[in-house]
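Q: First to last, the protein sequences are chains F and G. Its first residue numbered 484, the first sequence is counted upward by one per residue in the numbering used here. Its first residue numbered 8, the second sequence is counted upward by one per residue in the numbering used here. Cβ atoms here follow ideal geometry from the backbone N, Cα and C, with glycine treated the same way.
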Amino acid sequence: QEQLVHSGAEVKRPGASVKVSCKASGYSFSGYFMHWVRQAPGQGLEWMGWINPTNGGTTYAQKFQGRVTMTRDTSIGTAFMELNSLTFDDTAVYYCARSYTNYAWYDLWGQGSLVTVAS
Amino acid sequence: EFVLTQSPVTLSLSPGERASLSCRASQSVDRRFLAWYQQKPGQAPTLLFYGGSTRAPGIPDRFSGSGSGTDFTLTISGLEPEDFAVYFCQYYGASTSPFTFGPGTKVNI
Numbered sequence: 484q485e486q487l488v489h490s491g492a493e494v495k496r497p498g499a500s501v502k503v504s505c506k507a508s509g510y511s512f513s514g515y516f517m518h519w520v521r522q523a524p525g526q527g528l529e530w531m532g533w534i535n536p537t538n539g540g541t542t543y544a545q546k547f548q549g550r551v552t553m554t555r556d557t558s559i560g561t562a563f564m565e566l567n568s569l570t571f572d573d574t575a576v577y578y579c580a581r582s583y584t585n586y587a588w589y590d591l592w593g594q595g596s597l598v599t600v601a602s
Numbered sequence: 008e009f010v011l012t013q014s015p016v017t018l019s020l021s022p023g024e025r026a027s028l029s030c031r032a033s034q035s036v037d038r039r040f041l042a043w044y045q046q047k048p049g050q051a052p053t054l055l056f057y058g059g060s061t062r063a064p065g066i067p068d069r070f071s072g073s074g075s076g077t078d079f080t081l082t083i084s085g086l087e088p089e090d091f092a093v094y095f096c097q098y099y100g101a102s103t104s105p106f107t108f109g110p111g112t113k114v115n116i
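#1: Could you spell out where the beta strand (DSSP E) holding K47 of chain G opens and where it closes?
#2: Suppose you measure from the CA of Y578 of chain F to the CA of R25 of chain G; what does that come to, to the nearest Å?
#3: Please compile the residues from chain G whose C-beta is within a distance smaller than 7 angstroms of the C-beta of Q594 of chain F.
#4: Let's see if you can read the secondary structure: which residues bound the beta strand (DSSP E) around R555 of chain F?
#5: How is the beta strand (DSSP E) around F512 of chain F delimited, first residue to last?
#6: Rounding to the nearest angstrom, what Cα-Cα distance links T17 of chain G and S29 of chain G in this structure?
#7: Given this structure, state the Cα-to-Cα distance separating S504 of chain F from L54 of chain G, to the nearest angstrom.
#8: In whole angstroms, give me the CA-to-CA distance for V600 of chain F and K495 of chain F.
#9: Can you check DSSP and say which residues form a bridge with L597 of chain F?
#10: Give the DSSP-derived three-state secondary structure of R521 of chain F in the structure shown.
#11: When the distance is taken between beta carbons, is R38 of chain G closer than 8 angstroms to G58 of chain G?
#12: Contact check, P105 of chain G vs W530 of chain F under 8 angstroms by CB: the rounded distance?
#13: Taking C-beta pairs closer than 7 angstroms, name the residues in chain F that Y57 of chain G reaches, listed in chain order.
#14: Counting only beta-carbon separations shorter than 8 angstroms, does L528 of chain F have a partner in chain G?
#15: Return the first residue and the last residue of the beta strand (DSSP E) that L28 of chain G is part of.
#16: When the cut-off is 8 angstroms and only beta carbons count, does Y510 of chain F lie next to chain G?
#17: Checking the sheet assignment: what are the DSSP bridge partners for F56 of chain G?
#18: Are the C-beta of G100 of chain G and some C-beta of chain F separated by less than 8 angstroms?
#19: Looking at the secondary structure, which residues open and close the beta strand (DSSP E) in which I115 of chain G lies?
#20: Taking only three categories from DSSP, how would you classify Q545 of chain F?
#21: Quick one, which of F:A587, F:T557 and F:Q548 has its alpha-carbon nearest Y510 of chain F's?
What follows is the structure in C-alpha cells.
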C-alpha cells in the first residue's frame with residue numbers, strides 16, 4: 484500500500500526551527516517528486532516547494548526562500564522539511580505530497596504534521 | 008499575480024442534488040495543469056481530477072470536471088453523504104505563482 488507517513492505534532496517557540504519528516508512506503512521513493520504544502524487552521528492550501536529525491540534538487544516558493552530547507556534521505560525513503568525563524572503565522576498542518584514530475588498533480592498525500600508556534 | 012478564485016464560498020445542498028463549483032483563473036491557463044482536490048474534516052486532501060477533466064483512480068463518475076481558459080467547473084451530479092467536504096482547485100503549471108490553490112468551496116448539507 485502506497486503511503487506517506489508524517490512525524491508527530493510539534494510545539495515551538497517563536498524564533499525556533501522545526502523539522503518535519505515524511506516517510507514513503509509502498510512505492511519507489513526516488514521515482515516521484517515530493518512537495519510540501521501547508522494549511523493554517525481553517526484556511527486554504529499553500530505550496531512551499533519541492534524536492535527531487537533522485538538528486539536532492541529543490542525549488543522553493545518565493546515566500547519561503549531563505550527560511551525553508553527541504554532534504555531527503557533515500558536510504559530510508561524519507562523527505563524532510565525544515566522551517567526556521569518561526570512566527571505565530573507558521574502555525575499550520577504541514578503536508579508532504581508526491582507528484583510524478585515537478586509540474587504535476589499530487590496523487591498521494593501524507594496525513595500531515597501539526598506545527599504549533601506558541602509562547 | 009496569478010490567482011484562482013472559487014465560488015461560491017459555501018454551497019448548501021441536500022443529498023441527491025447537483026453541485027456546481029466554479030474555479031476562475033486571473034489569466035488564461037492550460038487546462039492540462041488544472042487539478043481538483045477534496046478535503047474532509049481532519050483529513051489530507053485527495054485528488055479528484057487532473058488535466059482539468061481526467062478523473063483520478065477510484066473517483067465515482069458522478070464527479071465531472073470541465074472548462075478551459077479562465078473558467079473551470081467541478082460538477083457533482085447526485086450528492087452522496089460522503090461528498091460533503093471542501094473542494095480546492097489548483098494550477099500546477101510553471102508560472103510566477105506555481106502550484107497556486109484556490110481558497111476552496113465548502114459543500115454543506
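A: With the structure as the only source:
#1: Neither: K47 of chain G is in no beta strand (DSSP E) and is coded neither H nor E.
#2: 31 angstroms
#3: A51
#4: V551 to D556
#5: Where F512 of chain F is concerned, there is no enclosing beta strand (DSSP E), given that its DSSP letter is neither H nor E.
#6: 11 angstroms
#7: 22 angstroms
#8: 5 angstroms
#9: F:V576
#10: strand
#11: yes
#12: 7 angstroms
#13: W588
#14: yes
#15: R25 to V36
#16: no
#17: G:W43 and G:R62
#18: yes
#19: The sequence given here has Asn at residue 115 of chain G, not Ile. Note, N115 of chain G: beta strand (DSSP E), T112 to N115.
#20: helix
#21: F:T557
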